[in-house]
Each structure stands twice: as structure tokens, then as C-alpha cells.
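To keep things clear, I will list the structure first and then write my remarks on it.
In our numbering, the protein residues as written are 15 to 310.
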């Protein structure tokens, strides 16, 4: 299984107005294995996007080392193109990157650019289309004539055709309706579970993070300030308050119930991370609780 790691990575840039070095990342150490599902959160300017651009070598650290399978990706004998095949970065609105005359050619572009034969490119492209449930009837259709959701699927198919081991996504559901979001997250879960693709997800939507990520990284001022299981991270109410970050709605509602004396007192119980889990919690515990002022 492949592995990504940051070894004390810092990245800084000059401030043209003050003549000072400003750190976008500062002494960041991190590792993840293929097959993990990791989310990264933090306020705007916390270093999330800079972090992502280091994962597959779009940026080179000012200090420290980025490693893929324990090898510095910026060494001269390492092919950065192959790294980017294994670690694919998907920016916001990937559909804006579509440019070919038809869907099949657009999806084939990545494998073709990597040197695969036409036959291999077609095989990889059609495999990616099947993963994304894109019908073969779209192969000769212009990608610009598709719906917004279909365009995004075609763009993702172009990434998946390169058969990445890690998929790095920066706000992948921006601008999508709820049905589109649900479909995309269902796809990511399937890729993660069935194809063992490692997922790194940057999102401002805490409900999405709570519902899907197994591990959660919190960034502030270019540093990782917490890295743990998602449920454990969302227990740090004071940290979220101090950082000006919201909790997921089910978690926030749960804490409001607790503050009002509802529920049970154990700190070991699982936080309800989704609406369904919150509903289960309410049905299990609240009818049994009597508090001053009435019966719930």
C-alpha cells in the first residue's frame, strides 16, 4: 500500500509590502496510507490549499520534505509526472478544465499525456466512465453540451482514468445541489472502500466532513493543531469556538440538548454525526429523561 508523508514541511513567501517572510505552512508533519479517508478543515488562510498543492508537488517546500513511499518527491531521480498520476489533485469546479471536442477524448487526455497507447487510453477511459456511471452513449457528445453534474463527472473520470492511488479534492461539491452532492459522496465512498483510493478532502461544510471522513485534520495559521478520529475532533468544542469554526449541525444540536440537561451524562457516548444518528439518539434517550420544567 502506498503512503504520503510530510516531514517538517514549511512553505513561505515574501511579503512585497513589508519585506518579510510569511509562512503559509509551518513545520507540518503528516502521513496517510492508501485507503484512508481524511478531511482537512480550517478558516480561510489557514494553509489548507497550500497543503494540498504540496501533496503532489505543485509547490516545493521551503523547508522539510514531502515523501511518497518514503522517497522525496523532489529528488532528481523521481518523476513528478508519475507522482501526479498516483496522487491526483481535483480543484474546485473541475468541469472548467474540460476542453476536448467529445467526452471520450477528454477522459483519454490524461492517460495519453502519460504515454499510454490509444488502446490502453480507451480502456482506462471506459473503465473510468463505468466507475462514474457515465453511459457509453455520451462518448461522442461534446462535454460542453452536458448538464453541470455530468460535466463534473466527466472531469472526474479524466482524473480516475489515470488510476490514482490518492484523490485530493478541494471543495469538490461547491455549487452542487443536494442530489449532486449525495451522488458525488456516494462515489467517493465507493472508490475509497472498493478501490482503496485514499481520499483527502478539504471542505468548509462540517456536515459533509462529519458524514464521510474517518480522520480529521484541523489547520490554523499554517499549522496542524489537531489530527485524530473525526468524532474525537468534534468533541473539542472550545477549540472550534476559539477558531471561529462551526460544528456539524447534528453535533451542535446534541450539545445544546446536553447543555439544557437532556440526554445522558456519559462523555464516552458516540457523538451523533449525522441527522440519522441524532434522530436515533433522541429516540433512545430523550423520552426517558425527566428534567425540571416538564417531561420530554
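Every residue, glycine too, gets a C-beta built ideally from N, C-alpha and C.
Please classify residue i: does DSSP put it in a helix, a strand, or coil?
{"i": "residue 226", "result": "helix"}
{"i": "residue 115", "result": "coil"}
{"i": "residue 218", "result": "coil"}
{"i": "residue 249", "result": "coil"}
{"i": "residue 18", "result": "strand"}
{"i": "residue 141", "result": "helix"}
{"i": "residue 4", "result": "Here the chain comprises residues numbered 15 to 310, so residue 4 is not present and cannot be evaluated."}
{"i": "residue 27", "result": "strand"}
{"i": "residue 181", "result": "strand"}
{"i": "residue 284", "result": "coil"}
{"i": "residue 308", "result": "Residue placement at residue 308 is flagged as unreliable, the pLDDT there being 44, under the threshold of 50; the coordinate-derived value follows with that caveat. Reduced to three states, the DSSP call for residue 308 is strand."}
{"i": "residue 191", "result": "coil"}
{"i": "residue 124", "result": "helix"}
{"i": "residue 266", "result": "helix"}
{"i": "residue 102", "result": "strand"}
{"i": "residue 207", "result": "helix"}
{"i": "residue 243", "result": "strand"}
{"i": "residue 85", "result": "strand"}
{"i": "residue 303", "result": "Legend: pLDDT at residue 303 = 48, less than 50; position of this residue unreliable, value from coordinates given subsequently. Looking at residue 303 - three-state DSSP - the assignment turns out to be coil, as it is neither helix nor strand."}
What residue does the beta strand (DSSP E) around residue i start on, and which one ends it?
{"i": "residue 38", "result": "35–47"}
{"i": "residue 69", "result": "First-last for residue 69: 62–69, but that is the alpha helix (DSSP H), not the beta strand (DSSP E)."}
{"i": "residue 51", "result": "51–55"}
{"i": "residue 59", "result": "Here residue 59 belongs to no beta strand (DSSP E), and DSSP marks it neither H nor E."}
{"i": "residue 162", "result": "Run containing residue 162: none in the beta strand (DSSP E); it sits in the alpha helix (DSSP H), 162–174."}
{"i": "residue 82", "result": "77–82"}
{"i": "residue 298", "result": "Run containing residue 298: none in the beta strand (DSSP E); it sits in the alpha helix (DSSP H), 289–299."}
Can you give the Cα-Cα distance for residue i and residue j, rounded to whole angstroms?
{"i": "residue 221", "j": "residue 159", "result": "32 Å"}
{"i": "residue 271", "j": "residue 296", "result": "10 Å"}
{"i": "residue 149", "j": "residue 109", "result": "18 Å"}
{"i": "residue 177", "j": "residue 276", "result": "49 Å"}
{"i": "residue 291", "j": "residue 92", "result": "46 Å"}
{"i": "residue 87", "j": "residue 106", "result": "24 Å"}
{"i": "residue 253", "j": "residue 139", "result": "44 Å"}
{"i": "residue 51", "j": "residue 204", "result": "11 Å"}
{"i": "residue 228", "j": "residue 289", "result": "17 Å"}
{"i": "residue 217", "j": "residue 223", "result": "7 Å"}
{"i": "residue 39", "j": "residue 154", "result": "44 Å"}
{"i": "residue 174", "j": "residue 299", "result": "44 Å"}
{"i": "residue 285", "j": "residue 196", "result": "22 Å"}
{"i": "residue 162", "j": "residue 274", "result": "44 Å"}
{"i": "residue 213", "j": "residue 129", "result": "26 Å"}
{"i": "residue 167", "j": "residue 136", "result": "17 Å"}
{"i": "residue 330", "j": "residue 240", "result": "As shown, the chain starts at 15 and ends at 310. That puts residue 330 outside it, with no answer to give."}
{"i": "residue 172", "j": "residue 124", "result": "6 Å"}
Given that a residue counts as buried once 16 or more other Cβ atoms are within 10 Å of its Cβ, and exposed if not, what is residue i?
{"i": "residue 147", "result": "exposed"}
{"i": "residue 58", "result": "exposed"}
{"i": "residue 248", "result": "buried"}
{"i": "residue 287", "result": "buried"}
I believe residue i touches residue j by the beta-carbon criterion, under 8 Å. Please report the beta-carbon distance rounded to the nearest angstrom.
{"i": "residue 183", "j": "residue 215", "result": "5 Å"}
{"i": "residue 117", "j": "residue 152", "result": "5 Å"}
{"i": "residue 170", "j": "residue 104", "result": "7 Å"}
{"i": "residue 199", "j": "residue 101", "result": "No, residue 199 and residue 101 are not in contact; Cβ-Cβ is about 21 Å, not under 8 Å."}
{"i": "residue 78", "j": "residue 22", "result": "4 Å"}
{"i": "residue 233", "j": "residue 54", "result": "6 Å"}
Can you give me the start and stop residues for the alpha helix (DSSP H) that residue i sits inside?
{"i": "residue 92", "result": "Element bounds for residue 92: n/a, residue is neither H nor E."}
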